[in-house]
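Written below as structure tokens is the structure these notes are about.
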């Protein structure tokens, strides 16, 4: 829902500015988390967290991306990197915080405390996020949703993003279970996700500056291919806790940039006043990769009777394919020259 609803939240942001989409998303996200605290059945968790809170986060993500893009051009990739590094900081703190709260006060109050924390942060966010440009209102038309995909560079970039997200979240979703089944201490295994997110804080900020200097496409390609290579070269044969920790640190760093810089790629080939919609359209297309990647990976694990080698290969090849499509998009824009900045 976070990705797919970008079709609507991005368009509303372009037409009305970030204020109202942000306010709507804030109310929906906090309400969804409160409802999670009261949930008992699976369908209740699904509706509260996946649907209500998911739609809410979509109306938080795209307005902030679009608003930030209006303030920067020369250092836009760095600005996006700094902004989305906040999600990595949250990814370090929240899993540990929630795990401790569940032990201390139970699941319900753990979710309520988290919701109140989010409410406080979102109040600040609603005050702080502004767009430099006045919104341009245009009617909703089906043709508008199709036009970006008739542009070959955008279409190739969308395909690249699809394959990147097809595999990018698999280490996040499976690394703990795989590590525990490989014999890693359970306490250390639970810290693997915070370690990935901690590494991605630096990956989202430091290399993003390189995107402004050497070209966002060039840097995205480099880090996407690197993420695919280490998935095959390190994660696939990893048989010790040391190897797994090395992988999560490297993958956190490289995937942090890979996932954070995609909006900057869209911005570089878009009118800034249509950026919210075009970023949303690309992410809506990519949402099918997010939606299907983990179930397919889970089916691969089941077919191997609990083996994870197929999942790791699937992850690595998906990322490499994503990198290839981003290369093709870059070639369509500036040609095959390696030194061209794009």
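Residue numbers (this note's numbering): 6 to 347. Ideal Cβ placement from N, Cα and C applies to all residues, glycine included.
{"Item": "Span separating the alpha-carbon of residue 310 from that of residue 184", "Value": "16 Å"}
{"Item": "Proximal residues to residue 282 (C-beta, below 7 Å), its chain only, five neighbours per side dropped", "Value": "15, 16, 19"}
{"Item": "Extent of the continuous alpha helix (DSSP H) run through residue 227", "Value": "221–235"}
{"Item": "With 16 other Cβ atoms within 10 Å as the buried cut-off, status of residue 340", "Value": "exposed"}
{"Item": "Beta-carbon contacts of residue 264 that lie in its chain and below 7 Å, excluding the five residues immediately before and after", "Value": "173"}
{"Item": "Rounded C-alpha distance that separates residue 110 from residue 117", "Value": "10 Å"}
{"Item": "Exposure of residue 57, with buried meaning 16 or more beta-carbon neighbours within 10 Å", "Value": "buried"}
{"Item": "Residue 280 beta carbon less than 7 Å from that of residue 269", "Value": "no"}
{"Item": "Rounded separation between residue 198 and residue 260 - CA only", "Value": "13 Å"}
{"Item": "Helix, strand or coil at residue 337 according to DSSP, with G and I counted as helix", "Value": "helix"}
{"Item": "Rounded straight-line distance, which links the Cα of residue 248 to that of residue 200", "Value": "14 Å"}
{"Item": "Of the listed residues 39, 221, 160, nearest to residue 119 (C-alpha basis)", "Value": "39"}
{"Item": "Residue 307: first and last residue of the uninterrupted alpha helix (DSSP H) it sits in", "Value": "280–308"}
{"Item": "Residue closest to residue 318, alpha-carbon to alpha-carbon, out of 289, 332, 176", "Value": "176"}
{"Item": "N-terminal and C-terminal residue of the alpha helix (DSSP H) that residue 46 is part of", "Value": "Premise fails: residue 46 is in no alpha helix (DSSP H) and is neither H nor E."}
{"Item": "Inter-residue Cα distance where the pair is residue 133 and residue 99", "Value": "22 Å"}
{"Item": "Which of helix, strand or coil DSSP assigns to residue 19", "Value": "helix"}
{"Item": "Residue 76 - containing alpha helix (DSSP H), residue span", "Value": "59–76"}
{"Item": "Reduced DSSP secondary structure (H/G/I, E/B, other) of residue 94", "Value": "helix"}
{"Item": "Spatial distance of residue 203 from residue 149 (CA atoms)", "Value": "39 Å"}
{"Item": "Residue 155 burial status per 10 Å Cβ neighbour count (16 or more: buried)", "Value": "exposed"}
{"Item": "Under 7 Å between C-beta atoms of residue 72 and residue 221", "Value": "no"}
{"Item": "Three-state class that DSSP yields for residue 311 in the structure shown", "Value": "coil"}
{"Item": "7 Å Cβ cutoff met for residue 33 and residue 60", "Value": "yes"}
{"Item": "Counted within 10 angstroms of its Cβ, other Cβ atoms place residue 63 as buried (16 or more) or exposed", "Value": "buried"}
{"Item": "Sub-7 Å separation of residue 53 and residue 30 beta-carbons", "Value": "no"}
{"Item": "Close-in-space but distant-in-sequence residues of the same chain around residue 231 (CB under 6 Å, 5 per side omitted)", "Value": "259"}
{"Item": "When 195, 320, 93, 140 are compared against residue 238, the one with the closest alpha-carbon", "Value": "320"}
{"Item": "Alpha-carbon spacing of residue 26 relative to residue 13, whole angstroms", "Value": "10 Å"}
{"Item": "Limits of the unbroken alpha helix (DSSP H) element including residue 271", "Value": "267–273"}
{"Item": "Selection from 122, 42, 284 that minimises the alpha carbon distance to residue 107", "Value": "42"}
{"Item": "Proximity below 7 Å, CB of residue 136 to CB of residue 23", "Value": "yes"}
{"Item": "Beta-carbon proximity check, residue 331 vs residue 75, cutoff 7 Å", "Value": "no"}
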